[in-house]
Amino acid sequence: MPPAMRRRKQELAPEDAIRIMEEGAYGVLGTAGTDGFPYAVPLSYAWLDGRIVFHCAPAGHKLDALRADPRVSFVVVGSNEVRPEIYTNVFTSAIAFGTARIVEDEAEKRALCRAFALRYCAGLEEGVDEEIDKLIGRTAIVVIDVEQLTGKQAIELVPSKEA
């Protein structure tokens, strides 16, 4: 597992890290690339019961990397404000570490596709199953089982008595 956070004063409470994961619009998946270089790619995702779910093409560098080494990190920036007058950014973020698996079971794949779609297409539930039927055969679903989740905030956001 990754080391503990060095700047403990900036660590967010677990529920705040979860909130960032629940509300984020996208995250960055970090893997060990198959060529020996780190590989990081932004993607849309859903946070479902402590797991991260995303979809992608059924072939490509991302899946090759996950098959070679399923250990991953996943970063979501909750907020970020550039503050030039104090020469910094004021931010909140969360990083998850875990193990990725490519979903093979058809029923699980469909259920995760549906949950993912409903996260991004609220109010359009009526057409979701039809869309899944059209795309499921050419879509891979990946689940990251999160083993560690931490959140961090800029020192400027830490209450002054703690900073």
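Numbering-wise, our numbering puts 906 at position 3 of the sequence shown, and it's gapless, one number per residue. Quick reminder that beta carbons are idealized off the backbone N, C-alpha and C, glycines included. Every value quoted in this text rests on a predicted model; they were computed, and no experiment measured them.
Beta strand (DSSP E) segment containing residue i, residue limits
{"i": "Val1031", "result": "Note, Val1031: premise wrong, no beta strand (DSSP E); alpha helix (DSSP H) at 1031-1038."}
{"i": "Tyr942", "result": "941-946"}
{"i": "Lys1055", "result": "1043-1056"}
{"i": "Ile955", "result": "954-959"}
Test item: CB-CB of residue i and residue j under 7 Å
{"i": "Ile1005", "j": "Phe977", "result": "no"}
{"i": "Ala949", "j": "Phe1019", "result": "yes"}
{"i": "Leu915", "j": "Gln1051", "result": "no"}
{"i": "Val1061", "j": "Lys912", "result": "yes"}
Cβ distance (whole Å) where residue i is taken to contact residue j below 8 Å
{"i": "Lys1012", "j": "Ile1047", "result": "Not quite, the Cβ-Cβ distance comes to about 15 Å (not below 8 Å), so this is no contact."}
{"i": "Phe994", "j": "Val979", "result": "With a Cβ gap of about 11 Å, Phe994 and Val979 do not count as contacting."}
{"i": "Ala920", "j": "Ala997", "result": "4 Å"}
Residue i, enclosing alpha helix (DSSP H) - first and last residue
{"i": "Glu1011", "result": "1009-1023"}
{"i": "Glu926", "result": "917-926"}
Buried or exposed (CB count within 10 angstroms, at least 16 for buried), residue i
{"i": "Ile923", "result": "buried"}
{"i": "Gly963", "result": "exposed"}
{"i": "Lys1037", "result": "exposed"}
{"i": "Cys1016", "result": "buried"}
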